[in-house]
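Q: The structure is given below, and queries will be raised subsequently.
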Amino acid sequence: MWRFAGIRTLHAIPVLIGVTFVVFGSLQLVPGDIANTLLSMFYTEERGEALRAQLGLDKPMLVQYAIWVWNLLHGDLGQSLMLRQPVAEVLLDKIGNSLILTGASLLIVIPVSFILGTTAARRFRTATDRSIVFFAMLLASLPVFWLGIVLLYLLGVNIKWFPMSGMYNMANPGGFPDLIHHLVLPAVTTAATSVAIVTRVTRGALIDTLGQPYILSARARGLSDFRVTYRHGVRNVMPTFANMCGLQIGYLFGGAIFTEIIFNWPGIGLLLYNAILQRDVPMVQGCILAIAVVFVLANLLADIIVYGLDVRRR
Amino acid sequence: MKPAAIPGPIVAPASPAVKPARARSTFYFVWRALISDRFALLGTVIVSIFVLTAIFAPWIAPYGPDDADPALRLQGIGTEGHIFGLDNHGRDVLSRLIYGTRLSLIAGLAPVLLGGIIAVPLGLIAAYYERFGHLIMRVMDVLFAFPMVLLAIMLAFFLGPGLENLVIALVVVLVPYNTRVVYVQALAERELGYVEAARAAASSDLRIMFGEMLPHVVAASVVYSMTIVGTIIVTAAGLSFLGLGVQPPTAEWGIMTSEGRTVLHIAPHASTLPGIAIFLLVIGFNLVGDALRDALDPRTRLVRVKLARGKQADPDEDPEPAS
Numbered sequence: 001m002w003r004f005a006g007i008r009t010l011h012a013i014p015v016l017i018g019v020t021f022v023v024f025g026s027l028q029l030v031p032g033d034i035a036n037t038l039l040s041m042f043y044t045e046e047r048g049e050a051l052r053a054q055l056g057l058d059k060p061m062l063v064q065y066a067i068w069v070w071n072l073l074h075g076d077l078g079q080s081l082m083l084r085q086p087v088a089e090v091l092l093d094k095i096g097n098s099l100i101l102t103g104a105s106l107l108i109v110i111p112v113s114f115i116l117g118t119t120a121a122r123r124f125r126t127a128t129d130r131s132i133v134f135f136a137m138l139l140a141s142l143p144v145f146w147l148g149i150v151l152l153y154l155l156g157v158n159i160k161w162f163p164m165s166g167m168y169n170m171a172n173p174g175g176f177p178d179l180i181h182h183l184v185l186p187a188v189t190t191a192a193t194s195v196a197i198v199t200r201v202t203r204g205a206l207i208d209t210l211g212q213p214y215i216l217s218a219r220a221r222g223l224s225d226f227r228v229t230y231r232h233g234v235r236n237v238m239p240t241f242a243n244m245c246g247l248q249i250g251y252l253f254g255g256a257i258f259t260e261i262i263f264n265w266p267g268i269g270l271l272l273y274n275a276i277l278q279r280d281v282p283m284v285q286g287c288i289l290a291i292a293v294v295f296v297l298a299n300l301l302a303d304i305i306v307y308g309l310d311v312r313r314r
Numbered sequence: 315m316k317p318a319a320i321p322g323p324i325v326a327p328a329s330p331a332v333k334p335a336r337a338r339s340t341f342y343f344v345w346r347a348l349i350s351d352r353f354a355l356l357g358t359v360i361v362s363i364f365v366l367t368a369i370f371a372p373w374i375a376p377y378g379p380d381d382a383d384p385a386l387r388l389q390g391i392g393t394e395g396h397i398f399g400l401d402n403h404g405r406d407v408l409s410r411l412i413y414g415t416r417l418s419l420i421a422g423l424a425p426v427l428l429g430g431i432i433a434v435p436l437g438l439i440a441a442y443y444e445r446f447g448h449l450i451m452r453v454m455d456v457l458f459a460f461p462m463v464l465l466a467i468m469l470a471f472f473l474g475p476g477l478e479n480l481v482i483a484l485v486v487v488l489v490p491y492n493t494r495v496v497y498v499q500a501l502a503e504r505e506l507g508y509v510e511a512a513r514a515a516a517s518s519d520l521r522i523m524f525g526e527m528l529p530h531v532v533a534a535s536v537v538y539s540m541t542i543v544g545t546i547i548v549t550a551a552g553l554s555f556l557g558l559g560v561q562p563p564t565a566e567w568g569i570m571t572s573e574g575r576t577v578l579h580i581a582p583h584a585s586t587l588p589g590i591a592i593f594l595l596v597i598g599f600n601l602v603g604d605a606l607r608d609a610l611d612p613r614t615r616l617v618r619v620k621l622a623r624g625k626q627a628d629p630d631e632d633p634e635p636a637s
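Protein chains in written order, with my numbering: chain A, 1 to 314; chain F, 315 to 637.
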């Protein structure tokens with residue numbers, strides 16, 4: 001297992017290098033002169049020069065990349081143009097909040113999609129199965145930002161069950177219960193799409209498994225349907241299920257941008273949104289790099305865990 | 315070996331109306347799938363309604379997309395002359411929804427179409443030439459390292475505003491996924507007898523790839539494309555919601571949601587109605603996509619036809635011989 005983990009980690013390194021190249025290279029996509037585009041109506045010769053020097057645009061591209069990576073390895077992602085603070089510092093400050101939201105969403109995704117997926121597979125081709133499949137299709141079709149707005153309006157504005165924005169009650173911060181109270185709506189919103197995906201895959205995998213001969217033999221021995229499904233069938237689906245859930249960590253983390261905007265959750269997504277609005281290039285690059293790295297690491301972790309879970313491969 | 319032992323086509327006995335089994339084209343299965351299944355039919359109807367709305371928008375919409383009546387601004391659903399109310403500039407929400415259909419369809423279909431045109435040859439070539447294929451797939455791995463939405467956000471941000479840039483960003487996001495679908499399919503095809511036969515007949519590489527293999531891999535790409543249209547529409551609307559891609563005051567569903575959000579407390583219809591429109595359109599495409607996937611998957615195709623006719627049916631047989 002450790003051998004596999006080591007090899008898999010080594011494979012992630014070229015991908016991470018590629019990621020830095022894409023994030024760095026994206027700046028070259030800006031049409032025309034970058035400083036001119038960014039400053040637009042505030043452009044003056046002096047300001048343009050200053051910005052070019054700050055972004056390092058006055059040097060050849062490969063040198064720029066080398067400097068950028070060198071600084072990156074030293075934990076320096078440049079200065080935010082708007083906040084006038086180091087990007088890395090701001091990111092570190094916010095990444096925890098995003099991880100809290102991701103974790104809470106994952107805690108919703110895992111049980112809900114497990115129950116829905118296994119129930120649908122157990123009742124394959126019945127009305128229950130069809131309604132679950134239809135429900136998953138509806139969830140997958142939901143625009144996240146719209147779901148957030150609707151939940152906010154119905155449960156936040158109308159019934160006032162849940163607070164409307166932020167992580168803590170500003171006037172009267174209440175610690176952990178307060179945090180949970182603020183977490184519910186954003187977590188549900190973020191989880192919706194992932195629930196649909198994991199449910200669908202789990203159902204498909206379990207249906208395939210339940211069609212295998214060893215399941216038939218278990219049934220022939222007179223085991224209860226519940227026992228056959230959950231003791232014999234689900235065991236073989238667990239690696240797939242764990243893998244899907246692991247993949248969702250990255251998607252939840254990256255997809256939280258809409259949720260964070262709507263619920264004013266002070267995470268990386270909201271930071272990215274504000275950076276986009278203010279055309280704060282170093283901050284946008286920093287946020288995207290951070291999310292992509294978390295995404296790669298989450299997939300790496302998922303692969304290793306799945307390998308550990310799969311008894312047949314030991 | 316007795317020749318009689320070779321299983322012939324299974325023909326359902328008894329019923330005089332049954333015709334002998336015959337091979338059916340892909341289009342036949344696509345068509346059957348779209349009209350025989352209730353959900354698929356619903357999807358087809360939804361998509362058709364939206365397409366017609368987009369085409370005839372100027373004739374259907376009661377007002378222009380930018381016509382404003384500031385006196386009535388933020389009036390809710392059921393206002394006289396404005397069934398779906400007015401937004402914060404006093405523009406008719408229904409009219410803007412109708413005009414917005416055009417942009418959402420373009421933003422959903424154009425990237426998928428262009429992405430397919432790039433991905434199919436790329437996937438074929440990558441599968442055919444091993445070394446080149448490994449290189450391409452390593453490059454794709456890097457693009458897979460970004461969540462789809464995030465990559466689209468980054469590209470749209472750096473390319474700048476506008477519909478063209480939005481479409482370019484979505485094409486770049488889509489190509490890796492579609493290429494992988496084609497690549498996997500083409501790798502399997504490459505090992506089959508007909509490719510070997512073509513090679514033995516001294517066909518050129520180009521001819522083998524685009525004359526022989528192309529028809530076999532295109533179906534997989536088309537099915538994948540159809541299942542992804544919904545996601546692309548949501549992503550496109552999401553980008554305009556973030557202020558990327560299409561810009562205000564264009565009548566676009568994502569922009570309408572974003573603008574309506576500021577007045578959520580007093581006029582919830584302004585931000586929720588566009589979302590419902592996106593939701594419905596995406597449901598339509600997802601239903602159609604799922605049905606197509608099932609129709610072209612030989613495993614489920616068999617199951618489906620058998621279920622429709624009882625146990626003794628053969629998959630290649632006309633499911634409704636009487637008609």
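The C-beta atom is built at its ideal place from N, Cα and C for all residues, glycine as well.
What is the DSSP secondary structure of Q248/A, counted as helix, strand or coil?
A: In the structure shown, Q248/A sits in a helix (DSSP, three-state: H, G or I).
Q: Residues of chain F with CB closer than 9 angstroms to the CB of L27/A, please, in chain order.
A: By Cβ distance, chain F contributes F472.
Q: Among the candidates G429/F, L601/F and R607/F, whose CA atom is the shortest distance from the CA of F134/A?
A: The shortest C-alpha separation from F134/A is found at L601/F.
Q: Residues of chain F with CB under 7 angstroms from I288/A, in chain order?
A: Here the neighbours are L464 and M468.
Q: Cα-Cα, which of G269/A, D225/A and G308/A is closest to A121/A?
A: For the residues G269/A, D225/A and G308/A, the minimum Cα distance to A121/A belongs to D225/A.
Q: For S585/F, decide whether its Cβ has a neighbour in chain A, counting only Cβ atoms nearer than 9 angstroms.
A: Yes, S585/F counts as interfacial toward chain A.
Q: Suppose the cutoff is 7 angstroms on Cβ atoms and the five residues either side in sequence are ignored; what does the same chain contact list for R203/A look like?
A: Same-chain partners within the cutoff: G117, A120 and A121.
Q: Please report the distance separating the alpha-carbon of P391/A from that of I17/A.
A: Given that chain A is displayed from residue 1 to residue 314, the structure contains no residue 391/A and the question cannot be resolved.
Q: Does I450/F have its Cβ less than 9 angstroms from a Cβ in chain A?
A: With 9 angstroms as the cut-off, I450/F does not count as an interface residue toward chain A.
Q: What alpha helix (DSSP H) runs, 4 residues minimum, are completely inside the segment 437 to 471 of chain F?
A: Qualifying alpha helix (DSSP H) stretches, in chain order: 444 to 458.
Q: Indicate whether S26/A and I288/A have their beta-carbon atoms separated by less than 9 angstroms.
A: Cβ atoms of S26/A and I288/A: closer than 9 angstroms.
Q: Just mark Q28/A as buried or exposed, buried being the case when its beta carbon has 16 or more other beta carbons within 10 Å.
A: Q28/A is exposed by the Cβ-count criterion.
Q: Assign K94/A to one of two classes, buried (16 or more other C-beta atoms within 10 Å of its C-beta) or exposed (fewer than that).
A: Per the 10 Å Cβ criterion, buried.
Q: Indicate whether at least one CB of chain F lies closer than 9 angstroms to the CB of I110/A.
A: Cβ-Cβ to chain F under 9 angstroms: no for I110/A.
Q: Does the Cβ of D351/F have 16 or more other Cβ atoms within 10 Å, making it buried, or fewer, making it exposed?
A: Looking at its Cβ environment, which holds 16 or more other Cβ atoms inside 10 Å, D351/F is buried.
Q: Suppose you measure from the CA of T541/F to the CA of R125/A; what does that come to, to the nearest Å?
A: Rounded to whole angstroms, T541/F to R125/A spans 22 angstroms at the Cα level.
Q: To the nearest angstrom, report how far apart N299/A and G246/A are at their CA atoms.
A: One C-alpha to the other measures close to 6 angstroms.
Q: Rounded to a whole number of angstroms, what is the C-alpha to C-alpha distance between M1/A and L301/A?
A: The straight-line gap from Cα to Cα measures roughly 12 angstroms.
Q: Have a look at I304/A, R312/A and D310/A and flag the residue whose alpha-carbon is nearest the alpha-carbon of G6/A.
A: Comparing Cα positions, the closest option is I304/A.
Q: Which of the three DSSP states is assigned to D406/F in this structure?
A: In this structure, D406/F counts as strand in the three-state DSSP scheme.
Q: Suppose the cutoff is 6 angstroms on Cβ atoms and the five residues either side in sequence are ignored; what does the same chain contact list for W68/A look like?
A: Within the same chain, W68/A has close Cβ partners F24.
Q: Assuming T199/A contacts A127/A (C-beta within less than 8 angstroms), just tell me the rounded distance between them.
A: That belief does not hold up - the Cβ atoms of T199/A and A127/A are roughly 17 angstroms apart, past 8 angstroms.
Q: Is there a Cβ of chain F sitting closer than 9 angstroms to that of Y251/A, yes or no?
A: Closer than 9 angstroms: yes.
Q: Within 10 angstroms of the Cβ of L139/A, are there 16 or more other Cβ atoms? Answer buried if so, exposed if not.
A: The residue in question, L139/A, is buried, as its Cβ has 16 or more Cβ neighbours within 10 Å.
Q: When you compare only the Cα positions, how much space is there between L147/A and T189/A?
A: When rounded, the distance between both Cα atoms is 6 angstroms.
Q: Does DSSP put P86/A in a helix, a strand or coil?
A: Residue state, collapsed to three classes: strand.
Q: Out of R235/A, V112/A, K160/A and I249/A, which has the shortest C-alpha to C-alpha gap to A205/A?
A: When only C-alpha atoms are compared, the closest one is R235/A.
Q: Output the boundary residues of the alpha helix (DSSP H) element that contains L265/A.
A: Note on identity: in this sequence residue 265/A is Trp, with Leu being the wrong assignment. Unbroken run through W265/A: none, as it is neither H nor E.
Q: Use the C-beta contact count for V311/A: other C-beta atoms within 10 angstroms, 16 or more gives buried, fewer gives exposed.
A: Exposed, by the Cβ-count rule.
Q: Should W68/A be flagged as near chain F, meaning a C-beta pair shorter than 9 angstroms?
A: No, no contact with chain F.
Q: Looking at the secondary structure, which residues open and close the alpha helix (DSSP H) in which S194/A lies?
A: Element bounds for S194/A: G175 to L210.
Q: In or out: F176/A buried (at least 16 other Cβ within 10 Å) or exposed?
A: Result: exposed.
Q: Based on Cα-Cα distance, which residue from V294/A, I149/A and I180/A lies nearest to L91/A?
A: It is V294/A.
Q: Using a beta-carbon distance cut-off of less than 7 angstroms, what residues from the segment 223 to 255 of chain A approach chain F?
A: Cβ contacts with chain F: G250, Y251, G254 and G255.
Q: Using a Cβ cut-off of 9 angstroms, pull out every chain A residue sitting near S476/F, in sequence order please.
A: For clarity, residue 476/F is Gly in the given sequence; the question names Ser instead. Simply none; closest approach about 10 angstroms.
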